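Chains as they are written, first to last, in our numbering: chain A, 1 to 307; chain B, 1001 to 1406; chain C, 2001 to 2328; chain D, 3001 to 3428; chain E, 4001 to 4265.
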Amino acid sequence: MTAGPKATALAAFKDMPREPGVPKPDPILVVDNVVRRFGGLTAVEVNHVEIQRGSITALIGPNGAGKTTFFNQLTGFDTADSGSWTFNERPMNGVPAHRVARSGMVRTFQLTKALSRLTVLENMRLGAQQQRGENFFRALVPRFWRTQEDEITERAEELLARFKLDTKRDDFAGSLSGGQRKLLEMARALMVQPELVMLDEPMAGVNPALTQSLLGHVKDLREQGMTVLFVEHDMDMVRDISDWVIVMAQGLVIAEGPPSTIMSDERVIDAYLGAHHDAPLSETELEAQLNEAEAALSAEIEEETQK
Amino acid sequence: GGGGDTATQSSQSAAPASSAPAAKGDGTLTLGTLLPQTGSLAFLGPPEFAGVDLALKEINEAGGVLGKPVAKFDTDSGDTTTNIASQSVDKLLAQKADAIIGAASSSVSESVIDKITGAGVVHFSPANTSDKFTTIADKGLYFRTAPPDKLQGRVLGDLIVADGNDTVGILAMQDSYGTGLADQVQKTVTDGGAQVVERVDYDPKAADFSADVAKIKAKAPKGIVLIGFEETAKVVQELVKQGLPASEHKWYMVDGNTSNTNYVKMPKGTLDGVKGTIPGAAAPEEFQTKLKEVNPKLEDFSYAPESYDAANLIALAAEAAKSDAGVDVAAKLAEVSKGGTKCKSFKECVDLLKAGTDIDYDGVSGPVEFDEAGDPAVATIGIYQYGDNNKYATKALEYRTGNIAG
Amino acid sequence: MDWLTILTTTVHAAIGWETVVYGLAAIGVNIHFGYTGLLNFGQSAFMAVAGYGLAVTVTVMNMPFWVGILVGLAAAVVLALLLGIPTLQLRADYLAIVTIAAAEIVRLVFRSVYFKDIFGGSDGQRGFNGDFYAMNPYPTGHYGIGPFGFDERTMWLLTVGWIVVLLSCLVVYLLMKSPWGRVLKAIREDEDAVRALGKNVFAYKMQSLLLGGIIGCFGGFFYGLYNGAVQPDVFGTEMTFFAYTIVILGGAARVFGPVVGAMIFWVLFVFVGNLLAELVSNGYIPFMTTIQVGPIRYVLVGLGFILLLVIRPQGIFGDKREIAIDAR
Amino acid sequence: MRRAVIAFTAFLGGLIFLLAGPAQADPADCQGLRGTLTFQGQPVNGAKIAVTDEGGQPVETVTSNAQGTWEVQVDKKGKYKATLDVSTLPQNAEVRGGNNVRTPTVYEDNCSAVLFALQAKSAPGQAQEEAPGSTFWGQAAQLTFEGVNLGLIIALGALGLSLIYGTTGLTNFAHGELITLGAVIAYAFNVGFGIQLIPAAVLAVVVAGALGYGQDRLFWGQLRKRGTGTIAMMIISIGVAILLRNLIQFFFGAQNESFTDYNTQAGITIGPISAAPKNLWAIGIELAVLIVVGLALMKTRTGKAARAVSDNPALAASSGINVDRIIRIIWASGSAVAALAGIMLGVSQSLKFTMGQDILLLIFAGVTLGGLGTAFGALVGSLVVGIFIQVSTLWVPPELKSVGALAVLIIVLLFRPQGILGRRERIG
Amino acid sequence: MNAEEPEPAQSKAAITDRSAHVEGAEGAVLRCDELIAGYLPGVNILNGSDLYVGDGELIGIIGPNGAGKSTLLKAMFGLVNIRSGTVLLKGENITNMKAHSLVARGVGYVPQSNNVFPSLTIEENLEMGAFQVPGKFKERFEFVAELFPALKERRKQRAGSLSGGERQMVAMARALMTEPSVLLLDEPSAGLSPKLQDLVFIQAQQINKAGVTVIMVEQNARRCLQICHRGYVLDQGRNAYTGTGLQLANDPKVIELYLGTLAKA
Ligand SMILES: Nc1ncnc2c1ncn2[C@@H]1O[C@H](COP(=O)(O)OP(=O)(O)OP(=O)(O)O)[C@@H](O)[C@H]1O
Ligand SMILES: Nc1ncnc2c1ncn2[C@@H]1O[C@H](COP(=O)(O)OP(=O)(O)OP(=O)(O)O)[C@@H](O)[C@H]1O
Ligand SMILES: [Mg+2]
Ligand SMILES: [Mg+2]
């Protein structure tokens, strides 16, 4: 047990069967038969999924696959039609969102929720848990919460610096750019110091250079013993940091496996990745594609003119 | 409450009566009006202001009070939803008013009575009907000429019984005026042997009155009593619509709603035969013409006589007291209102006073005789009847005078 | 022109009981709306239950003054709970309407003939402030400089009133710079985000509703104590509207905003009204009669609010940057 | 103390009467009891009435005369007891309600009337006396009709409010005044210029629409341009409401007025319902307008653009929509519909400068109940509010009828926080 | 953007010499000169950006978060107040012109966020896209439906209930409804699945090939630079680098500061 968390995680995943719903040796989250329907549409229908403790797991799938909805069910922001799930062996269905978060399972939002008229730093501080000053009566006497507040601020500033938001520290969060909001959203969630952090497309719209440096931070989280579950469409990122990948499509979990396996899975490529996922569009490919498109276009034009 | 009550009542809210400032006559009688210019009772404002203005005009034409013309400041009483009245009283007190005429609403009066009487100023309402004022702690400074509901209710109730209505429905506006009057009518009618089959207290601000009328309709009473202010026009519409016209059911009205310009616009005969009671012995017509000289746009005349009488009485009391200080005026008000040579206008009365005669002012709103609580003790109620043109005849069918207490 | 009267009444209004009463109501609204984003349009109901709680306890049940105050406070707490449980899950604009509705229900019940024996119908209740003035330490007299000043009763009420106002401001100040206040402000911005961070949003909203309601309920006490009476229609929607106007005039989410807003509000009200009345009665505005002063005063006051807010939409203390952030 | 004084004076009064000897029957000086007995329209002659004082001491027993009248003079004021001897009545007559004892009070110098209402003995007559529509269901039907009547007027107001709220996010507290304004303009045309109400109403709606357009062009639009927030605008609208309401009072006065046409129409009976023809017309017009506007909003390009603007003005502009133009159209139509609401309210009730203010809360309730910002929601919500107000009076006192409707609002929102037709927003 | 501490990239490479821009901008379809713009009084987000795009060109704009890329697009499109500088469209001065009149002039825009009408259905959203050319709605709808088949299936679903990626599709489709001659895209590929990202880039190119001038802001920077003719790197509201797409993509400075090496790994 001297190996680092990464090694442990990789070891755990090494011989695991690559099939949907495979049991994990030390799951932090176990989900059973979660179903959510909107009218006629079944957005989520997950039979069984386990998330390995101390790992970085990616959840991928086409748009509308139900990933965000799945997150919503797990974190108490929406009520599942049926199903049950446990977090650290504790059943979590029907638990209100704030309790879910308190029990150590924190999520971010795909469509960011910056607290506009709070400063960036206040946004961060809010994330900290068990603040003494959040009790009405203790709040009245600054002495009770000052030192804790200072600690929180220190932690917040560290995170902000890492997320390149330190210059924005005293600006209103509402004045951040789209990408900066994403960053704040993630940094704030980390202030909670959760056991399991669920990131919904954390890097969409974030500058690639910054993404790269943040990935290091995410890996750090694993080193600190945190479990990360994230949704992402950036395959470079998925490949780089995830230990395990779960693929959803049309509400179902269709595949599971380590990144390399998943990315060569025919079905996944078909439904999700497309032909060009693993290589930058090369000149020749581009040409070919353009020609193809042009041909289609001219055919269309011809059709038009013929009409 | 009036002078006699003070000692027993003052413990309730006020500082001891002695704290009322001593007489401070400055030689000029200054009247303040605290009457509705805005708010839900704003329609009562114009006739009340006109009543005071008319009285003042006559007083000053007759040489004023204590040799000087009477000064007057008009302020807005608003309604209870705003705090205008309190502000207005502040202003009047700052302007050294000796007596304040108002407010129209009992509730508004209640909210300022402490302030006014605390400053040793006469608080004289032409329109408060709430029975609370009989016992209120007022250092003997509160008076009113308002139509005594007790007597009017009794007269109206008796009229209804005498007309043979064995079943009666009452539609009353839900405030102290409406419910007070309705209570009295209900009691009299029941005692007389008729049955009040339905009584509806309605919110005068309600969006419509169909449900209220439907309740009456369900009981189809022979007599229908309408107690309220100008919203009665809407109630009338509804009665006609729901098939309870005056031609089939006997309607009765009260002083608050007998004069209403909207009736004239209704089809001929809508109000034919309807009876109504109005306090006051004088034929309203003459007085109304005089008021129209003051304010040609006047349409409604509710409480104009009471306001007119209030101003006259204050002026006479000041003359009698030879002082314009509120406390002195209050002390003489009861005296000039009763027991002495009867007189009917300021000029007539003041001449008598100057000649050293004890006077008894009989006003347009009635004989006005104050009891020890500052309430009118005696009143005359006229019974009027509408004709085919939806107006009531200027001459009353009958006048009844009586003690308000019984 | 009686400038002295205009001046004195205006100065009195600035520090007078109306400012205390409306200021307290507005401090409550500021906590609800300014800090927490709860569009509580039922503030008048808190004042009403407090005023009536005191009045009914003292006059109908013949209990001592202090019991009345406790009953009033308890009534406000109960109202906050009753109002909060169903409404605090609603979106802001729905909450606004529901709270107006609740406040109207309260008013109509107080007003009704049906409950006249308890609440006194449309006339309300009076005669419950004796004990309060019995505690008055000021001897009889006039306190102030020259024409500016109050009698001993008003002085006593204002002394207590302003102490309560300042205490409330202090509490608001302390709370709002604490983490507790931070949670409230965050709820104002986005509840779901706050939930996601593990805060019990409902509990905080309820605490905010309670605190603001209790502060507002002192406004109800002072209203009753000053006027010696409570009446149902006083506590209509107008009062809440005015409280909101005051909050916005002073600047939302600013500690002293409501107090200064209340001063501006009443100064504007009194100054415009009395100036106009003087102008008319002295014949400077020949086409107007004194009866028309009332409505025109309101017209001007309305115009005044509009102009103030057009010129300074963030209010006196507000931060322009803050409102430039599009919260929609 | 007072009572003692009164008793004493009464006693003195009695003494004076005693001294003066038997009182004369001059009606003005009457002090006692009197009444008239009629049965089936005919006076009842010879019925015996015994009068005693409160303590049961007999005062006098009289017999009704040929006109059916009887009268007893008493010396003292106070309570008396009058008992009708039923055996002296005509064979088939009985006292209605069965009680033949009355306890009236005699006041000083006044005669009190005493009534014994007589009816035929047979029971069936009684049932016939019951008025039509007095059954529970009859009443319920009438009240439902009234509810629809009122609800549709509220719906017109609500539609305008909801349109403006939807496109601009402005909670317009001055909307009540737009309603009043419409009615008052129609009044000016109708009464001032003597134009028949229908053309006057059309003119008023047009003028109100133009005013609404101007209001946005000159005022609200300018505020938007300066980036004034919605809350500040809401408070500004309170200022506007105060201003407009009092301006209307200044010109129109504080009294109730009614239009010259269609005033106090007699009702016609349709089944259990009695309705004035104008109500039926009004319902027709209101429904037509509501449906046309609602459909226009759902189906026309401008309507969809309006909803787009309400969702996201910047994006709407990016899509090529002239946002200001759309908002002005909405303001114009919202004001026009509000004016129509005012006119309808004026026709069915009467006009007053506070009429809009008084109904505003119900309008807000309607809009909210239906779901903010949806046109048909406003219709449904308002109807629910209207019907509830009226029908609830079957159980609650009418003075509290708004309480019922408002309570329903709260209860419905408990279960459907997004309103009846509103939709929940997606989280995340 | 309180630019106190000078960033190395900016101080070295910030373009002070505008001659290249002035020269290139000759006859450009759309050009911006020394734009200064911002949201809050006294805070400038754009500090004199230059940009031009020739007829039929595909331009990419990349840069760190908060650089002002979106602001630049918004400023061009009349959604942010320009404090100084000019924007010319085909020679016409369109500085601070309202967005809807720009749409009439053939400019289309896809915002970065809040880019759908949540309470409208997908179909209605697209209808709004074709607001100024209602006649073409049918034809264009078929076109975008082919691009994003998911949209056609769901045409009656309210956009507010769509997933992030689905929204992005609607947003893109909405802008394509008008057949604009100049298209401004703000991170069109964000939130889309890799497959659809490809589609977006290919489409952008295809549209461009059909004669539409495209300006594209992307964080998927490498992809963007691969397909665009020229690229701008924006930092702190100023142009930090410009060049052809491939030049930028291979510039070690740009790689280090903006592109990162992840995608290559
Ligand atoms: N409230 C709702 N009403 C109706 N349909 C909904 C609702 N919420 C989500 N959906 C539908 O459910 C499906 C799953 O949505 P979800 O947001 O979970 O997708 P996702 O996997 O997160 O996609 P993306 O990668 O685009 O974010 C989508 O088709 C969406 O349109
Ligand atoms: N509505 C706003 N109000 C005030 N400041 C704003 C607003 N929007 C953006 N800003 C500020 O302007 C700067 C530039 O924002 P912009 O959105 O243009 O960045 P961007 O380059 O598009 O970044 P990203 O890649 O993250 O989308 C940011 O620092 C941000 O703080
Ligand atoms: Mg998603
Ligand atoms: Mg951007």
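We put the beta carbon where it would ideally sit given N, CA and C, even for glycine. These numbers were taken from a predicted model, which means no experiment stands behind them.
The Cβ of Pro202 of chain A sits no closer than 8 Å to any Cβ of chain C. Beta bridge pairing from DSSP links Ser3274 of chain D with D:Thr3269. For Gly3404 of chain D, the uninterrupted alpha helix (DSSP H) segment begins and ends at 3401–3415.
Near chain E, meaning a CB-to-CB distance below 7 Å, the residues of the stretch 3290–3307 of chain D are Arg3301, Lys3304, Ala3305, Arg3307.
Against chain E, the CB of Gly64 of chain A has a partner CB under 8 Å away; the residue lies at that interface. Along the stretch 221–234 of chain A, going in chain order, the ones with a CB nearer than 9 Å to a CB of chain E are His233, Asp234. Contacts with chain B at 8 Å (Cβ-Cβ) do not include Phe3415 of chain D. Taking a beta-carbon distance threshold of 8 Å, Leu3223 of chain D does not count as an interface residue toward chain E. For Leu4185 of chain E, the number of other beta carbons within 10 angstroms of its own is at least 16, and it is reported as buried. Annotation for Ile1224 of chain B: Gly1169, His1249, Trp1251 place their beta carbon closer than 6 Å to its own, counting only its chain and skipping 5 residues before and after. With contacts defined as CB atoms closer than 8 Å, Gln3215 of chain D and Phe3353 of chain D fail to qualify as a contacting pair. Ordered along the chain, residues surrounding ligand 1 are A:Phe38, A:Ala43, A:Asn63, A:Gly64, A:Ala65, A:Gly66, A:Lys67, A:Thr68, A:Thr69, D:Arg3426, E:Ser4161, E:Leu4162, E:Ser4163, E:Gly4164, E:Gly4165 [Cβ under 5 Å from any heavy atom].
With a cut-off of 7 Å, the C-beta of Asp2093 of chain C is classified as distant from ligand 4, since no heavy atom of the ligand falls inside that distance. Listed along chain E, the residues sitting closer than 7 Å to Leu210 of chain A by beta-carbon distance are Pro4064, Asn4065.
Using a Cβ distance threshold of 8 Å, Val2255 of chain C and Tyr2173 of chain C count as a contacting pair.
Considering only beta carbons, the part of the stretch 4096–4119 of chain E lying closer than 7 Å to chain D consists of Lys4098, Ala4099, His4100, Val4103, Ala4104, Tyr4109, Pro4111, Asn4114, Asn4115, Phe4117, Pro4118, Ser4119, in chain order.
In this structure, the beta-carbon distance from Ala3174 of chain D to Leu3244 of chain D falls below 8 Å.
The beta-carbon of Glu2104 of chain C is placed no less than 8 Å from the nearest beta-carbon of chain B. Interface residue (Cβ-Cβ distance to chain D less than 8 Å): Gln1184 of chain B is not classified as such. Of the heavy atoms belonging to ligand 3, at least one sits nearer than 7 Å to the Cβ of Val231 of chain A. Val2164 of chain C carries a helical assignment under DSSP once its states are collapsed to helix, strand and coil.
At a cut-off of 7 Å, the beta-carbon of Gln73 of chain A does not count as near ligand 3: no heavy atom of the ligand is closer than that. The alpha-carbon separation between Thr3300 of chain D and Ala3306 of chain D amounts to approximately 10 Å. At least one CB of chain C lies nearer than 8 Å to the CB of Gly1045 of chain B.
Shown here, His2142 of chain C sits in a strand according to DSSP, grouped into three states.
With a threshold of 8 Å between beta carbons, Gly3169 of chain D makes no contact with chain E. Scanning chain A for C-beta atoms nearer than 7 Å to the C-beta of Asp2093 of chain C yields nothing, as the closest lies near 18 Å away. Distance from the CA atom of Tyr1303 of chain B to the CA atom of Val1327 of chain B, rounded to whole angstroms, is 25 Å. Residue pairing by DSSP places His1123 of chain B opposite B:Ile1100, B:Tyr1142 in a beta bridge. For Leu1066 of chain B, the three-state secondary structure derived from DSSP is coil. Against chain C, a Cβ distance below 9 Å from Phe3364 of chain D picks out Ala2096, Ile2097, Ile2100, Ala2101.
Around Gly4054 of chain E, the same chain offers Gly4024, Gly4027, Ala4028, Val4029, Thr4213 as residues with beta carbons nearer than 8 Å, after the five sequence neighbours per side are excluded. Against chain C, a Cβ distance below 7 Å from Gln3249 of chain D picks out Pro2295.
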